[in-house]
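One structure is given here, and the rest of the page talks about it.
In the UniProt record's numbering, the protein residues as written are 1 to 290.
Next comes the structure, spelled out in C-alpha coordinates:
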(Lines of atoms letter the chains of each structure in order from A and count residues from 1; the text may use other names and numbers.)
(Lines give C-alpha, C1' and ligand atoms only; values in the text may rest on other atoms or scores of the structure.)
Protein backbone atom coordinates (compact mmCIF):
# COMPACT_ATOMS: atom_id res chain seq x y z
CA UNK A 1 0.00 0.00 0.00
CA UNK A 2 1.23 3.50 -0.84
CA UNK A 3 -0.22 6.06 1.53
CA UNK A 4 1.11 9.61 1.43
CA UNK A 5 -0.44 13.01 2.01
CA UNK A 6 -2.94 12.83 -0.82
CA UNK A 7 -3.05 9.36 -2.35
CA UNK A 8 -3.76 5.81 -1.25
CA UNK A 9 -3.07 2.93 -3.58
CA UNK A 10 -4.71 -0.36 -2.59
CA UNK A 11 -3.99 -3.74 -4.15
CA UNK A 12 -6.84 -6.19 -3.58
CA UNK A 13 -6.68 -9.86 -4.40
CA UNK A 14 -8.92 -12.90 -4.43
CA UNK A 15 -7.75 -16.50 -4.57
CA UNK A 16 -9.51 -19.86 -4.23
CA UNK A 17 -6.64 -21.67 -2.52
CA UNK A 18 -8.22 -25.16 -2.45
CA UNK A 19 -7.20 -25.76 1.15
CA UNK A 20 -4.97 -24.04 3.72
CA UNK A 21 -4.95 -26.67 6.43
CA UNK A 22 -1.23 -27.41 6.23
CA UNK A 23 1.44 -25.02 7.48
CA UNK A 24 3.35 -25.19 4.19
CA UNK A 25 0.40 -23.81 2.18
CA UNK A 26 -0.28 -21.17 4.83
CA UNK A 27 3.28 -19.90 4.48
CA UNK A 28 3.07 -20.13 0.69
CA UNK A 29 -0.10 -18.05 0.67
CA UNK A 30 1.69 -15.26 2.53
CA UNK A 31 4.68 -15.54 0.19
CA UNK A 32 2.27 -15.09 -2.75
CA UNK A 33 0.68 -12.18 -0.88
CA UNK A 34 4.06 -10.44 -0.64
CA UNK A 35 5.21 -11.38 -4.14
CA UNK A 36 2.14 -9.82 -5.77
CA UNK A 37 2.37 -6.77 -3.48
CA UNK A 38 -1.12 -7.14 -2.04
CA UNK A 39 -2.68 -5.16 0.77
CA UNK A 40 -5.70 -7.44 1.26
CA UNK A 41 -6.24 -10.96 -0.07
CA UNK A 42 -9.61 -12.70 0.10
CA UNK A 43 -9.20 -16.48 0.20
CA UNK A 44 -11.84 -19.16 -0.41
CA UNK A 45 -12.04 -22.92 0.16
CA UNK A 46 -9.65 -22.80 3.10
CA UNK A 47 -11.17 -26.11 4.32
CA UNK A 48 -10.26 -25.47 7.97
CA UNK A 49 -13.25 -26.47 10.10
CA UNK A 50 -12.23 -24.50 13.19
CA UNK A 51 -10.68 -21.59 11.31
CA UNK A 52 -7.50 -19.85 12.35
CA UNK A 53 -6.07 -16.50 13.42
CA UNK A 54 -2.31 -16.15 13.00
CA UNK A 55 0.49 -13.75 12.25
CA UNK A 56 2.70 -15.09 9.45
CA UNK A 57 5.72 -13.11 8.27
CA UNK A 58 4.23 -10.10 10.03
CA UNK A 59 0.86 -10.21 8.22
CA UNK A 60 -2.50 -11.06 9.77
CA UNK A 61 -4.06 -14.29 8.50
CA UNK A 62 -7.71 -14.59 9.55
CA UNK A 63 -9.60 -17.71 8.46
CA UNK A 64 -13.20 -18.25 9.54
CA UNK A 65 -14.55 -21.55 10.79
CA UNK A 66 -16.82 -23.51 8.46
CA UNK A 67 -19.56 -26.07 8.92
CA UNK A 68 -18.80 -27.67 5.54
CA UNK A 69 -15.31 -29.11 5.15
CA UNK A 70 -15.17 -27.95 1.50
CA UNK A 71 -15.82 -24.29 2.31
CA UNK A 72 -14.13 -21.65 4.45
CA UNK A 73 -13.31 -18.01 3.70
CA UNK A 74 -10.83 -15.58 5.18
CA UNK A 75 -8.46 -12.67 4.73
CA UNK A 76 -4.76 -11.96 4.66
CA UNK A 77 -4.19 -8.38 5.80
CA UNK A 78 -0.96 -6.45 5.31
CA UNK A 79 0.81 -5.57 8.54
CA UNK A 80 0.72 -1.85 7.65
CA UNK A 81 -3.07 -1.98 7.28
CA UNK A 82 -3.72 -3.87 10.49
CA UNK A 83 -4.02 -0.69 12.63
CA UNK A 84 -6.73 0.56 10.24
CA UNK A 85 -8.97 -2.50 10.59
CA UNK A 86 -12.33 -1.45 12.04
CA UNK A 87 -14.01 -4.84 12.22
CA UNK A 88 -14.33 -8.24 10.57
CA UNK A 89 -17.31 -10.56 10.66
CA UNK A 90 -18.76 -13.69 9.15
CA UNK A 91 -22.20 -13.80 7.52
CA UNK A 92 -22.18 -17.47 6.48
CA UNK A 93 -19.83 -20.15 5.19
CA UNK A 94 -19.98 -18.26 1.88
CA UNK A 95 -19.69 -14.64 3.01
CA UNK A 96 -17.38 -12.70 5.31
CA UNK A 97 -16.57 -9.01 5.61
CA UNK A 98 -13.61 -6.76 6.43
CA UNK A 99 -13.84 -3.03 7.08
CA UNK A 100 -10.85 -0.69 7.21
CA UNK A 101 -10.68 3.01 7.99
CA UNK A 102 -9.99 5.59 5.29
CA UNK A 103 -9.78 8.39 7.84
CA UNK A 104 -6.15 9.45 7.83
CA UNK A 105 -6.44 12.31 10.28
CA UNK A 106 -8.13 14.98 8.17
CA UNK A 107 -10.08 17.01 10.69
CA UNK A 108 -12.51 18.29 8.07
CA UNK A 109 -13.77 14.97 6.81
CA UNK A 110 -17.43 15.35 7.65
CA UNK A 111 -19.50 13.69 4.95
CA UNK A 112 -16.54 12.02 3.30
CA UNK A 113 -16.17 8.33 2.64
CA UNK A 114 -14.67 7.06 5.88
CA UNK A 115 -14.23 3.35 5.36
CA UNK A 116 -13.61 0.61 2.85
CA UNK A 117 -15.72 -2.56 3.05
CA UNK A 118 -14.35 -5.73 1.44
CA UNK A 119 -16.88 -8.54 0.96
CA UNK A 120 -15.35 -11.99 0.44
CA UNK A 121 -17.64 -14.39 -1.44
CA UNK A 122 -17.75 -18.04 -2.39
CA UNK A 123 -20.79 -18.66 -4.59
CA UNK A 124 -22.46 -22.04 -5.18
CA UNK A 125 -21.30 -24.05 -8.18
CA UNK A 126 -23.52 -24.55 -11.22
CA UNK A 127 -24.06 -28.21 -10.33
CA UNK A 128 -25.16 -27.30 -6.81
CA UNK A 129 -27.54 -24.57 -7.93
CA UNK A 130 -29.21 -26.97 -10.36
CA UNK A 131 -29.74 -29.61 -7.69
CA UNK A 132 -30.51 -27.14 -4.90
CA UNK A 133 -31.75 -23.74 -6.20
CA UNK A 134 -32.43 -22.58 -2.64
CA UNK A 135 -28.68 -22.50 -2.03
CA UNK A 136 -28.20 -19.83 -4.69
CA UNK A 137 -31.25 -17.87 -3.52
CA UNK A 138 -29.92 -17.82 0.03
CA UNK A 139 -26.49 -16.68 -1.17
CA UNK A 140 -27.87 -13.68 -3.06
CA UNK A 141 -30.43 -12.86 -0.37
CA UNK A 142 -27.68 -12.81 2.27
CA UNK A 143 -25.51 -10.66 0.01
CA UNK A 144 -28.32 -8.20 -0.72
CA UNK A 145 -29.19 -7.91 2.97
CA UNK A 146 -25.55 -7.16 3.72
CA UNK A 147 -25.28 -4.48 1.02
CA UNK A 148 -28.50 -2.81 2.18
CA UNK A 149 -27.18 -2.66 5.75
CA UNK A 150 -23.95 -0.82 4.89
CA UNK A 151 -23.69 2.95 5.43
CA UNK A 152 -23.42 5.37 2.53
CA UNK A 153 -19.99 6.60 3.62
CA UNK A 154 -18.19 3.35 2.80
CA UNK A 155 -16.61 2.20 -0.46
CA UNK A 156 -17.49 -1.43 -1.23
CA UNK A 157 -15.33 -4.07 -2.89
CA UNK A 158 -16.70 -7.53 -3.75
CA UNK A 159 -14.09 -10.24 -4.28
CA UNK A 160 -14.27 -13.99 -4.60
CA UNK A 161 -14.99 -17.18 -6.48
CA UNK A 162 -18.39 -16.57 -8.05
CA UNK A 163 -18.52 -19.90 -9.92
CA UNK A 164 -20.14 -17.93 -12.74
CA UNK A 165 -19.22 -17.34 -16.37
CA UNK A 166 -20.38 -13.87 -17.42
CA UNK A 167 -19.14 -14.23 -20.99
CA UNK A 168 -18.64 -11.45 -23.48
CA UNK A 169 -20.20 -8.04 -23.09
CA UNK A 170 -23.41 -7.62 -25.06
CA UNK A 171 -24.53 -4.21 -26.28
CA UNK A 172 -24.46 -1.52 -23.62
CA UNK A 173 -24.06 -3.72 -20.56
CA UNK A 174 -22.62 -1.30 -18.02
CA UNK A 175 -21.47 -3.94 -15.51
CA UNK A 176 -18.85 -5.44 -17.86
CA UNK A 177 -15.76 -4.13 -19.59
CA UNK A 178 -14.72 -5.15 -23.09
CA UNK A 179 -12.38 -7.95 -22.06
CA UNK A 180 -14.36 -10.72 -20.40
CA UNK A 181 -14.03 -14.26 -21.73
CA UNK A 182 -16.13 -17.27 -22.69
CA UNK A 183 -19.88 -17.75 -22.79
CA UNK A 184 -22.44 -16.78 -20.18
CA UNK A 185 -23.99 -19.63 -18.20
CA UNK A 186 -27.01 -19.70 -15.88
CA UNK A 187 -24.95 -18.73 -12.84
CA UNK A 188 -23.52 -15.91 -14.95
CA UNK A 189 -27.03 -14.66 -15.72
CA UNK A 190 -27.76 -14.51 -12.00
CA UNK A 191 -24.52 -12.65 -11.37
CA UNK A 192 -25.03 -10.00 -14.06
CA UNK A 193 -28.66 -9.50 -12.94
CA UNK A 194 -27.33 -8.83 -9.45
CA UNK A 195 -24.69 -6.46 -10.83
CA UNK A 196 -27.31 -4.58 -12.84
CA UNK A 197 -29.66 -4.27 -9.87
CA UNK A 198 -26.93 -2.93 -7.58
CA UNK A 199 -25.01 -0.94 -10.22
CA UNK A 200 -21.83 -2.98 -9.86
CA UNK A 201 -18.88 -3.31 -12.23
CA UNK A 202 -16.61 -6.34 -12.73
CA UNK A 203 -13.10 -4.89 -12.64
CA UNK A 204 -11.17 -7.77 -14.18
CA UNK A 205 -13.11 -7.43 -17.44
CA UNK A 206 -11.88 -3.88 -18.01
CA UNK A 207 -8.30 -4.22 -19.22
CA UNK A 208 -6.89 -5.60 -22.45
CA UNK A 209 -4.64 -8.42 -21.22
CA UNK A 210 -3.28 -11.64 -22.64
CA UNK A 211 -5.75 -14.52 -22.31
CA UNK A 212 -3.69 -16.11 -19.52
CA UNK A 213 -4.26 -12.95 -17.43
CA UNK A 214 -8.03 -12.95 -18.05
CA UNK A 215 -8.90 -16.58 -17.28
CA UNK A 216 -9.06 -17.45 -13.58
CA UNK A 217 -9.63 -21.22 -13.53
CA UNK A 218 -7.79 -24.01 -15.35
CA UNK A 219 -9.40 -27.43 -15.82
CA UNK A 220 -7.66 -30.78 -16.16
CA UNK A 221 -8.52 -31.05 -19.86
CA UNK A 222 -6.39 -29.21 -22.42
CA UNK A 223 -7.58 -25.69 -23.28
CA UNK A 224 -10.26 -25.86 -20.59
CA UNK A 225 -9.95 -22.43 -18.98
CA UNK A 226 -12.69 -20.12 -17.69
CA UNK A 227 -13.17 -16.80 -15.98
CA UNK A 228 -15.18 -17.37 -12.79
CA UNK A 229 -13.35 -15.34 -10.10
CA UNK A 230 -14.01 -11.61 -9.97
CA UNK A 231 -13.41 -8.38 -8.12
CA UNK A 232 -16.32 -5.94 -8.37
CA UNK A 233 -16.99 -2.37 -7.33
CA UNK A 234 -19.76 0.19 -7.68
CA UNK A 235 -20.05 1.50 -11.24
CA UNK A 236 -19.50 5.03 -9.97
CA UNK A 237 -16.09 3.98 -8.64
CA UNK A 238 -14.67 2.22 -11.69
CA UNK A 239 -12.59 5.28 -12.62
CA UNK A 240 -10.52 4.53 -9.51
CA UNK A 241 -9.30 1.24 -11.00
CA UNK A 242 -5.83 1.42 -12.53
CA UNK A 243 -5.29 -2.29 -13.26
CA UNK A 244 -6.95 -5.70 -12.91
CA UNK A 245 -5.79 -9.15 -14.03
CA UNK A 246 -5.16 -12.75 -12.98
CA UNK A 247 -1.84 -14.44 -12.22
CA UNK A 248 -1.07 -18.13 -12.57
CA UNK A 249 2.43 -18.32 -11.10
CA UNK A 250 1.53 -18.73 -7.44
CA UNK A 251 3.37 -20.94 -4.98
CA UNK A 252 0.02 -22.15 -3.62
CA UNK A 253 -1.11 -25.04 -5.82
CA UNK A 254 -4.68 -24.51 -7.01
CA UNK A 255 -6.73 -24.85 -10.18
CA UNK A 256 -7.67 -21.19 -9.67
CA UNK A 257 -5.51 -18.16 -10.37
CA UNK A 258 -5.00 -15.19 -8.10
CA UNK A 259 -6.92 -12.11 -9.28
CA UNK A 260 -5.54 -8.67 -8.40
CA UNK A 261 -7.15 -5.22 -8.78
CA UNK A 262 -5.43 -1.92 -8.02
CA UNK A 263 -7.33 1.16 -6.83
CA UNK A 264 -5.88 4.63 -6.48
CA UNK A 265 -7.80 6.91 -4.16
CA UNK A 266 -7.30 10.39 -2.78
CA UNK A 267 -9.02 12.13 0.10
CA UNK A 268 -10.27 14.82 -2.24
CA UNK A 269 -11.61 12.59 -4.99
CA UNK A 270 -13.32 10.27 -2.48
CA UNK A 271 -15.28 13.26 -1.16
CA UNK A 272 -16.14 14.52 -4.64
CA UNK A 273 -17.10 11.07 -5.88
CA UNK A 274 -19.44 10.60 -2.94
CA UNK A 275 -21.08 13.96 -3.70
CA UNK A 276 -21.61 13.39 -7.40
CA UNK A 277 -18.86 15.53 -8.91
CA UNK A 278 -16.29 12.89 -9.77
CA UNK A 279 -15.75 13.99 -13.35
CA UNK A 280 -13.73 17.06 -12.40
CA UNK A 281 -12.25 15.85 -9.14
CA UNK A 282 -10.93 12.41 -9.97
CA UNK A 283 -7.99 11.62 -12.20
CA UNK A 284 -9.57 9.65 -15.02
CA UNK A 285 -7.91 6.46 -16.18
CA UNK A 286 -7.18 6.99 -19.86
CA UNK A 287 -8.08 3.65 -21.40
CA UNK A 288 -10.44 2.33 -24.02
CA UNK A 289 -11.67 -0.31 -21.65
CA UNK A 290 -14.99 1.15 -20.59
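Where is the CB? At the ideal position from N, CA and C, for every residue including glycine. Here the structure is a predicted model, which is why all the values come from computation and not from measurement.
- Given a length threshold of 4 residues, each whole run of the alpha helix (DSSP H) inside the segment 57-144 is given here in chain order: 126-131.
- The count of Cβ pairs closer than 8 Å, one atom from the segment 251-268 and one from the segment 182-200, stays below three, leaving the stretches out of contact.
- In the structure shown, the three-state DSSP call for residue 172 is coil.
- DSSP places residue 160 in the strand class (E or B) of the three-state scheme.
- Taking 7 Å as the cut-off, the beta carbon of residue 156 is found closer than this to the beta carbon of residue 117.
- DSSP places residue 17 in the coil class of the three-state scheme, outside both helix and strand.
- For residue 201, the enclosing beta strand (DSSP E) has its first and last residue at 200-202.
- DSSP places residue 229 in the strand class (E or B) of the three-state scheme.
- DSSP places residue 245 outside any alpha helix (DSSP H); the residue lies instead in the beta strand (DSSP E), whose first and last residues are 241-247.
- Across the set 32, 160, 235, 44, the C-alpha of 32 shows the shortest separation from the C-alpha of residue 78.
- Comparing alpha-carbon positions, the option among 65, 124, 35 lying closest to residue 140 turns out to be 124.
- Relative to the Cα of residue 34, the nearest Cα in the group 240, 263, 159, 251 belongs to 251.
- Distance from the CA atom of residue 243 to the CA atom of residue 10, rounded to whole angstroms, is 11 Å.
- Rounded to the nearest whole angstrom, the C-alpha separation of residue 83 and residue 223 is 44 Å.
- The beta carbons of residue 132 and residue 73 sit no closer together than 7 Å.
- If you ignore the 5 residues before and after residue 39, its C-beta comes within less than 6 Å of the C-beta of 1, 10, 11, 78, 81, all in its own chain and listed in chain order.
- Around the Cβ of residue 232, a 10 Å sphere holds 16 or more other Cβ atoms; the residue is buried.
- Annotation for residue 212: 248 place their beta carbon closer than 7 Å to its own, counting only its chain and skipping 5 residues before and after.
- For the pair residue 199 and residue 205, the Cα-to-Cα distance works out to about 15 Å.
- For residue 86 and residue 101, the gap between their C-alpha atoms comes out near 6 Å.
- Counting along the chain, the unbroken beta strand (DSSP E) around residue 43 starts and ends at 40-44.
- In the structure shown, the three-state DSSP call for residue 166 is coil.
- With a beta-carbon spacing of about 6 Å, residue 187 and residue 163 fall inside the 8 Å limit used to define contacts.
- A straight line joining the alpha-carbon of residue 95 with that of residue 143 spans about 8 Å.
- Burial check for residue 148: the Cβ neighbour count within 10 Å stays below 16, so the residue is exposed.
- In this structure, residue 196 lies near residue 175, with their beta-carbon atoms less than 7 Å apart.
- Excluding the 5 residues flanking it on each side, residue 169 has same chain C-beta neighbours closer than 8 Å at 176, 177, 178, 180, 205, in chain order.
- Contact between residue 48 and residue 27 is absent: CB atoms are separated by about 15 Å, not below the 8 Å threshold.
- Between residue 229 and residue 134, the CB-CB gap reaches or exceeds 7 Å.
- Cβ contact annotation for residue 61 (same chain, cutoff 6 Å, sequence separation greater than five): 54, 76, in chain order.
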